[in-house]
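A.B. asks: Position one of the sequence shown corresponds to residue 1 (UniProt numbering), numbered consecutively onward.
Cβ coordinates follow ideal geometry from the N, Cα and C atoms, glycine included.
Fair warning: this is a prediction, and the values are worked out from it, not measured in the lab.
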Amino acid sequence: MRISFATEKDYEWIKNRDRHVEEKLLLPKITGKEIYILQDENEERIGWMRYGYFWDNTPFMNMLWIDEAFRNKGLGKDVVQFWEHEMKQQGYDLVMTSTQADEGSQHFYRKLGFKDAGCLLLDSQPLEIILTKKLN
Numbered sequence: 001m002r003i004s005f006a007t008e009k010d011y012e013w014i015k016n017r018d019r020h021v022e023e024k025l026l027l028p029k030i031t032g033k034e035i036y037i038l039q040d041e042n043e044e045r046i047g048w049m050r051y052g053y054f055w056d057n058t059p060f061m062n063m064l065w066i067d068e069a070f071r072n073k074g075l076g077k078d079v080v081q082f083w084e085h086e087m088k089q090q091g092y093d094l095v096m097t098s099t100q101a102d103e104g105s106q107h108f109y110r111k112l113g114f115k116d117a118g119c120l121l122l123d124s125q126p127l128e129i130i131l132t133k134k135l136n
């Protein structure tokens, strides 16, 4: 697997798949290097990871998606660790993410060392679990 920063060439591919980001924010996130693309050995795109900043100062992973056929092979762990390394290199000592209480990904993040830090309850949605991880 290859992990690289998304480029403008990835714009349409991401736009057609990531339903959780407003289109007007997509290009600034690409140029700001806030989206990683995952590719298989044939250089086919198989997923992406997108982040932003909580309180404008703490890296917050907003989206991690890997195509179904490539899940449970360690790729998610690889991209999260890649991101953590990048954030540490930029001087951050804490990263965050969240997941809904009815999603299994909460267990994935806990295995990677993320700790529960709180929750958010919005109307008509499951509890959103906030997770943090200190970077050593």
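Would Trp13 be called buried (16 or more neighbouring beta carbons within 10 Å of its own) or exposed?
C.D. replies: So Trp13 ends up on the exposed side.
A.B. asks: Could you tell me which uninterrupted alpha helix (DSSP H) segments, each at least 4 residues in length, are contained entirely in the UniProt domain "N-acetyltransferase" (1 to 136), listed from first to last along the chain?
C.D. replies: Within the UniProt domain "N-acetyltransferase" (1 to 136), the complete alpha helix (DSSP H) runs of at least 4 residues are 11 to 15, 23 to 31, 75 to 89 and 105 to 111.
A.B. asks: Taking just the CA atoms, how far does Gln89 sit from Tyr53?
C.D. replies: Their Cα atoms are separated by approximately 16 Å.
A.B. asks: Evaluate Pro28 with the Cβ neighbour count: other Cβ atoms within 10 Å of its Cβ, from every protein chain shown; 16 or more gives buried, anything less gives exposed.
C.D. replies: Classification for Pro28: exposed.
A.B. asks: Quick one: Cα of Glu43 to Cα of Leu122, how far?
C.D. replies: Cα to Cα, the separation comes out at about 39 Å.
A.B. asks: Measuring alpha carbon to alpha carbon, tell me which residue in Leu112, Leu120 and Cys119 is nearest Lys133.
C.D. replies: If we check each option's Cα against that of Lys133, Leu112 comes out closest.
A.B. asks: Closer than 6 Å by C-beta to Gly104: which residues in its own chain qualify, once you throw out the five before and the five after it? Chain order, please.
C.D. replies: Same-chain partners within the cutoff: there are none.
A.B. asks: Can you give me the C-alpha to C-alpha distance between Phe70 and Met87, rounded to a whole angstrom?
C.D. replies: Taking the straight line joining both Cα atoms gives about 25 Å.
A.B. asks: Comparing alpha-carbon positions, which option in Asn136, Met49, Asp67 and Glu128 lies nearest Gly91?
C.D. replies: It is Asn136.
A.B. asks: Got a sec? Which residues, its chain only, sit under 6 Å from Thr7 by beta carbon, not counting five neighbours each side?
C.D. replies: Excluding positions up to five away in sequence, the list is empty.
A.B. asks: Got a sec? Which residues, its chain only, sit under 6 Å from Lys77 by beta carbon, not counting five neighbours each side?
C.D. replies: Once the five neighbours on either side are set aside, Lys77 has no close Cβ partner at all.
A.B. asks: Should Gly74 go down as buried or exposed, given a rule of 16 or more other Cβ atoms within 10 Å for buried?
C.D. replies: Flag for Gly74 reads exposed.
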